[in-house]
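For the sequence shown, numbering that gives the first Met the number 0 begins at 0 and goes up steadily by one.
For each residue, glycine too, the CB sits at the ideal point set by N, CA and C.
On a predicted model such as this, the values are computed, not experimentally measured, just so you know.
To keep things clear, I will list the structure first and then write my remarks on it.
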Amino acid sequence: MYPLVSIGMSVFNCESTLGQAIRSILQQTYDNWELIIIDDGSQDKTVSVANLYHDRRIRIIADGKNERLAARLNQAVRESRGKYFARMDADDIAYPSRLKAQVQFLEDHPEIDLVGSRVVIFNGKGRIIGTYPFKKNHVEICSRPWAGFYLPHPTWMGNTDWFRHNPYNTSTTKAQDQELLLRTYEHSRFACLPEILIGYRKSELSLKTLLAGRYLYSRMLIRKAVNEKQYFFAFGVLEQMVKFMVETFAITTGLNYRVLQHRAMPVSRRESEIWDKVWKACNCK
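See below:
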């Protein structure tokens with residue numbers, strides 16, 4: 000009997016966080032899943048950590064090569080046996096109800112190709128920074144495509160066939176999720192659940208990573224503007240430049256953590272209490 004959900008996790012040099020991520024999957028209230036862990040040529044003990052978890056639903060693939068994230072996610076999709084494919088990062092934490100909530104939503108809404116959820120942003124010590132803005136349906140998520148899509152990548156679950164028909168672009172080294180959404184939003188349907196179902200680890204802003212992401216997304220916008228004659232997308236490049244200048248100032252002045260807090264929206268007391276329980280549970284070995 001095949002699992003209903005295949006979870007794809009590309010891992011690279013993440014020995015310190017991988018255990019938490021795996022334990023959060025093992026603690027799911029929904030159990031008809033498989034976890035496909037694909038190592039991308041780690042140089043630390045990542046593979047050894049993965050091998051500590053003896054569960055027939057976990058498959059580990061390690062070929063020693065470094066193919067990068069997009070290629071590994073496509074590989075995970077090819078390896079998937081489930082009707083649905085879910086994303087999971089090796090440094091994030093899934094809430095126990097994550098799979099159950101998203102599976103139920105997709106079963107009830109077959110017209111939806113891809114569903115995400117709200118996230119709680121936390122630092123390396125488990126302290127809450129906040130949450131991202133929430134856009135619940137396709138119209139809201141895609142209202143300003145030139146500015147990006149509010150659908151956090153680590154929260155994605157969708158029809159496996161959709162991922163097979165719309166593979167990640169392996170030439171894109173950053174912003175792979177935004178490229179895929181930009182390429183597919185006009186003929187797909189997205190949604191986002193109002194519940195917080197993922198703990199998203201974000202300790203600081205990285206100038207190199209931000210520059211690469213903003214630059215690559217700007218190139219995507221220009222390409223779409225020219226190829227499809229939708230020239231208003233070019234204005235999105237200016238917005239990307241402004242955002243990058245603000246982020247650069249924050250990093251160079253040492254205010255990066257404060258900017259993270261400023262960009263994040265606060266969580267409720269109840270949401271904070273739930274996160275504390277999730278964090279503690281995933282730190283119990």
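From the DSSP output, which residues share a beta bridge with T130?
Position 131 of the sequence shown, counted from the first residue, corresponds to residue 130. Paired residues: M264.
On the DSSP bridge assignment, give the partners of A61 in chain order.
Position 62 of the sequence shown, counted from the first residue, corresponds to residue 61. Bridge partners of A61: D38.
Can you tell me which of the three DSSP states V46 falls into?
Against the sequence shown, residue 46 aligns to sequence position 47. It is helical.
F162 - containing alpha helix (DSSP H), residue span
Residue mapping note: residue 162 aligns to position 163 of the sequence shown, counting from 1. Counting along the chain, the alpha helix (DSSP H) containing F162 begins and ends at 159-164.
Work out the CA separation of W145 and Y52 for me, nearest whole Å.
Translated into the one-based positions of the sequence shown, residue 52 becomes position 53. Translated into the one-based positions of the sequence shown, residue 145 becomes position 146. Going by the C-alpha atoms only, they are around 42 Å apart.
How many angstroms separate the CA atom of I24 from the CA atom of R222?
Along the sequence shown, one-based indexing puts residue 24 at 25. Along the sequence shown, one-based indexing puts residue 222 at 223. Near 38 Å, if we compare the C-alpha coordinates of R222 and I24.
If we count the other Cβ atoms within 10 Å of its Cβ and call it buried at 16 or more, is P109 buried or exposed?
By one-based count along the sequence shown, residue 109 stands at place 110. So P109 counts as exposed.
Distance CB(W155)-CB(A69) smaller than 8 Å
Here residue 155 is taken as the residue at index 156 of the sequence shown, counted from 1. Here residue 69 is taken as the residue at index 70 of the sequence shown, counted from 1. Contact: no.
In the DSSP output, what is I6 paired with across the bridge?
The residue labelled residue 6 in the question sits at position 7 within the sequence shown. Answer by DSSP bridge pairing, in chain order: L34, A85.
What's the C-alpha gap between M219 and H186?
Taking the first residue of the sequence shown as 1, we reach residue 219 at position 220. Taking the first residue of the sequence shown as 1, we reach residue 186 at position 187. If I take the Cα positions, the gap works out to 18 Å.
Where Y167 and D176 are concerned, what is the direct C-alpha to C-alpha distance, given to the nearest angstrom?
As a first step, residue 167 must be located in the sequence shown, where it is residue number 168. As a first step, residue 176 must be located in the sequence shown, where it is residue number 177. Near 8 Å, if we compare the C-alpha coordinates of D176 and Y167.
Beta strand (DSSP E) segment containing R117, residue limits:
Within the sequence shown, the letter at position 118 stands for residue 117. Taken as a continuous stretch (DSSP letters only), the beta strand (DSSP E) holding R117 covers 113-121.
Which value, in whole angstroms, describes the spacing of the CA atoms of I140 and K201?
Numbered from its first residue, the sequence shown carries residue 140 at position 141. Numbered from its first residue, the sequence shown carries residue 201 at position 202. Between I140 and K201, the C-alpha separation is close to 22 Å.
Taking only the alpha-carbon atoms, compute the straight-line gap between R2 and D30 and give it to the nearest angstrom.
As a working mapping, residue 2 is identified with position 3 in the sequence shown. As a working mapping, residue 30 is identified with position 31 in the sequence shown. Note that residue 2 is Pro in the sequence shown, not Arg. Straight-line Cα distance between these residues: approximately 9 Å.
Whole angstroms is fine: what's the gap from A263's alpha carbon to G147's?
As a working mapping, residue 263 is identified with position 264 in the sequence shown. As a working mapping, residue 147 is identified with position 148 in the sequence shown. The straight-line gap from Cα to Cα measures roughly 16 Å.
Buried versus exposed, by CB contacts within 10 Å (16 or more), N65:
Along the sequence shown, one-based indexing puts residue 65 at 66. The residue is exposed, with fewer than 16 neighbouring Cβ atoms inside 10 Å.
Take the Cβ of R143 as the centre, count every other Cβ of all protein chains shown within 10 Å, and call the residue buried at 16 or more, exposed below.
Counting from 1 along the sequence shown, the entry for residue 143 is found at position 144. With fewer than 16 Cβ atoms within 10 Å of its Cβ, R143 is classed as exposed.
For S271, which residues in the same chain have their Cβ closer than 7 Å to its Cβ, ignoring the five residues on either side in sequence?
By one-based count along the sequence shown, residue 271 stands at place 272. If we look at S271 and ignore the five residues flanking it on each side, its Cβ neighbours are I127.
Start-to-end residues for the alpha helix (DSSP H) that takes in F104
As a position in the sequence shown, residue 104 is number 105, starting the count at 1. From DSSP, the alpha helix (DSSP H) with F104 extends over 97-107.
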